[in-house]
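Peer 1: Numbering (this note's numbering), first residue to last: 1 to 195.
Ideal placement from N, C-alpha and C gives every residue a C-beta, glycine not left out.
Okay, handing you the structure first.
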DNA sequence: GCCTATCGTGATG
DNA sequence: CATCACGATAGGC
């Protein structure tokens, strides 16, 4: 079984340079999510947005249809299938690794702990890895690795918030919400395969 | 590999 | 509020 090596990082050359997380306190029925599914190199990809902010980026797997996934994630919000301009730079980034010209705002609902974890994920550069335990330490609570796992696993915005760059402390991959094969595939686009 | 200590959440009453 | 079960964990042996 292949082992993965973690690396030091300081936030430079990472997604934190062009993504800003916005916490949505009362994400309720006032909001409307515009979503559309797109063909990507990782299979079907769903992108959802509220206004000019991205609220969801995820893979559409067989057992989880796009709409039921949205219902599960945002139980109280209504949604509409439509293409939005803001989806375009996101798709470009996923497909080509093209860094967006304008800052992308990502709106999320979560406890302060979860927001902190997601912000940490943004700082990991492409092709590098960290562990659940390291993130816990960086947040000042070294024993909270398990809680970090929970937060990472519930990240609603894949790729942009690179939850695939977190692995287990023992060098194994750990899990992935959309399936471990997808995690491998995404990682494979970021590292030298010849290793 | 198995066992156990631990943490943040959401569900439940 | 209090408690409980549940992990994409970590570390010891």
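#1: Check whether the Cβ atoms of residue 59 and residue 70 sit closer than 8 Å, and answer yes or no.
#2: One question on the structure: do residue 166 and residue 111 come within less than 8 Å of each other, judged by their Cβ atoms?
#3: Do three or more CB pairs link the segment 121-130 to the segment 23-42 at distances below 8 Å?
#4: Which one of 56, 154, 43 has the shortest CA to CA distance from residue 104?
#5: Distance check for residue 87 and residue 39, CA to CA, integer angstroms please.
#6: Pick from 9, 7, 19: whose alpha carbon is nearest that of residue 158?
#7: Is the segment 84-100 close to the segment 131-145, with three or more CB pairs under 8 Å?
#8: Is residue 180 helix, strand or coil when you go by DSSP?
Peer 2: Working from what's here:
#1: Within the first chain, the letter at position 59 stands for residue 59. Within the first chain, the letter at position 70 stands for residue 70. Result no, Cβ atoms of residue 59 and residue 70 do not sit closer than 8 Å.
#2: Against the first chain, residue 166 aligns to sequence position 166. Against the first chain, residue 111 aligns to sequence position 111. Taking the C-beta atoms as reference points, residue 111 is found no nearer than 8 Å to residue 166.
#3: no
#4: In the first chain, residue 104 corresponds to position 104, counting from 1. The shortest C-alpha separation from residue 104 is found at 56.
#5: Position 39 of the first chain, counted from the start, is the residue given in the question as residue 39. Position 87 of the first chain, counted from the start, is the residue given in the question as residue 87. The straight-line gap from Cα to Cα measures roughly 13 Å.
#6: Here the question's residue 158 lines up with position 158 in the first chain. Minimum Cα-Cα distance from residue 158 among the listed residues 9, 7, 19 corresponds to 19.
#7: no
#8: Within the first chain, the letter at position 180 stands for residue 180. In this structure, residue 180 counts as helix in the three-state DSSP scheme.
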